[in-house]
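Numbering (full-length UniProt numbering), first residue to last: 1 to 338. Notes to accompany the following structure.
Okay, structure coming up:
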C-alpha cells in the first residue's frame, strides 16, 4: 500500500497536495521555486496567469468546436484521475476536465530520474494555476529489469509501472477512471506504452474526441493555456539507443546537458547519448548557425566535457521527435509488430 501525507494549502488555489512520503523532501524543497514565467527545460510560459476565456464558437473552427464539446461530454461521465506531466496534451486534458468536473478531478505526477526537475516545477505551477488537487507519486521503473535493459519495449515497462501506480491511487481515492493525454497522432508512431494503457483500462479522451496534435495546440491557445506553443517533451530515457542500459547516472548526464543548452537559449532540442563518452545534439536546422558560433560552441564543449563526454556531435538532420525509433524502420517493430 502506497503511503501518502497531506499538505493542505501548500499550493495556493489547490484543494491540497497529497505527496508520497518518499517524495516529501523533494517536493518541499522545489515547490516554492516554481514560478511563471517559466524559462527552464524545454520551453517557457509567457503569462503569469491563465486567463479564463469564454469560447466564441462563431470565431472558432466548427470542427474544433465540435471536438471540444465532444471532449467535455466524455469527461462529464464520472470522477477522474489524470496522468499529468505538464506537457501540451495532458495540460489541455486537465484544463477541460477541471472545467466540467471541478474538484472531482485529481492530477497525478510521477517523480522519477527519467523526469527532469524543471519539468516537475512547471507541472506544479500549472496545477496551482488551474486550481486542481495534485498528487505526487514515486515511479520505480528503474527497478524493473525490462526497463533498464532498454529494449524496444522500454516504453511499455515504464507505462506499466506508471499506470499501475495511478490505478492504485485511483482505487484508494474511490475513483474508477484514469486518463492520459494520448491523441490521434500517437497512433501513427511506435508507442508500446499504449499496450499498458489497455491492460489497466486507462482511457484517452483526447483521442476518443478525435484530437490530433495540431488541434490540441489550437484549442489550448483558444483557452489561454501557455502550453499551446510549448516544445514537445519526452522522458529522458528516450535519449538512449535501444540496448544501452539505462542508469540514473546516465539520465542525470542527459538532463544536465539539455539544461545547459536551455540556458544558452535553445528551446527545441534533444541530447542523445550513444555511450558514456558520445553525445549527439539535435536542434532545428535554423539554430545550427547559432550553435556553432565560437562563444556558444565553446560553452557547449566545456560544459559537456565536464559531464564526461569526449565526442560531441551535431546531428545534421536536425531536431525530430522519436529519432531513436528510426533504427526500427523496416524491422516491423515500428509498425507495432513486436
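Glycine included, each C-beta is placed from N, C-alpha and C at the ideal position. Model, not experiment: these values are computed from the prediction.
Check: In chain order, what residues of the same chain lie with their CB nearer than 7 Å to the CB of residue 74, ignoring the 5 residues before and after it?
Finding: 205, 208 and 209
Check: Among 246, 290, 185 and 156, which one has its Cα closest to the Cα of residue 192?
Finding: 156
Margin query: In whole angstroms, give me the CA-to-CA distance for residue 253 and residue 69.
Written below: 43 Å
Margin query: Which of the three DSSP states is assigned to residue 156 in this structure?
Written below: DSSP places residue 156 in helix when its eight states are reduced to three.
Notebook entry, point to check: What did DSSP end up calling residue 282 once you bin it into helix, strand or coil?
Noted result: strand
Check: Apart from the five residues just before and just after residue 159, which ones in its own chain have a Cβ nearer than 6 Å to its Cβ?
Finding: Only 193 and 196 meet the Cβ criterion.
Checklist line | Per-residue burial, residue 257 [other beta carbons within 10 Å of its own, 16 or more giving buried] | finding: buried
Notebook entry, point to check: Which class does residue 203 belong to by DSSP, given the choice of helix, strand or coil?
Noted result: strand
Note to self: Less than 9 Å between the C-beta atoms of residue 225 and residue 280, yes or no?
What the structure shows: no
Notebook entry, point to check: What's the call for residue 317, buried or exposed, on a 16-neighbour Cβ count within 10 Å?
Noted result: Exposed, by the Cβ-count rule.
Next item on the list: Check the C-beta distance from residue 269 over to residue 303 and give it rounded, since I have them as a contact under 8 Å.
Entry: Actually they do not touch by this definition, with Cβ atoms about 14 Å apart.
Next item on the list: Give the DSSP-derived three-state secondary structure of residue 135 in the structure shown.
Entry: strand
Next item on the list: Using the Cα positions of residue 238 and residue 251, report the straight-line distance between them to the nearest angstrom.
Entry: 10 Å
Margin query: I need the straight-line Cα distance from residue 130 to residue 177, nearest angstrom please.
Written below: Going by the C-alpha atoms only, they are around 20 Å apart.
Checklist line | DSSP three-state assignment for residue 311, whether helix, strand or coil | finding: strand
Note to self: The beta strand (DSSP E) that contains residue 110, what's its start and end?
What the structure shows: Its beta strand (DSSP E) spans residues 105-111.
Checklist line | Closest by C-alpha distance to residue 217, when choosing among 76, 82, 81 and 95 | finding: 95
Notebook entry, point to check: Who are the near neighbours of residue 72 in its chain, counting only those whose CB is closer than 8 Å to its CB and skipping five residues on each side?
Noted result: 96, 99 and 100
Next item on the list: For residue 320, I'd like the list of residues in its chain whose CB is within less than 6 Å of its CB, leaving aside the five on either flank, ordered along the chain.
Entry: none
Checklist line | Start and end residues, alpha helix (DSSP H) containing residue 216 | finding: 213-222
Item checked: Proximal residues to residue 272 (C-beta, below 6 Å), its chain only, five neighbours per side dropped -> Only 239 and 280 meet the Cβ criterion.
Next item on the list: Look at the alpha carbon of residue 267 and the alpha carbon of residue 292, and state the distance between them as a whole number of angstroms.
Entry: 16 Å
Margin query: Across the segment 76-87 and the segment 109-122, are there enough close Cβ pairs to call them in contact, namely three or more that are closer than 8 Å?
Written below: yes
Note to self: Going by the DSSP bridge assignment, what does residue 175 pair with across the sheet?
What the structure shows: In the DSSP output, where bridge partners are listed per residue, residue 175 has none listed.
Note to self: Between the alpha carbons of residue 79 and residue 102, how many angstroms are there, rounded?
What the structure shows: 9 Å
Note to self: Can you tell me whether residue 300 is helix, strand or coil according to DSSP?
What the structure shows: helix
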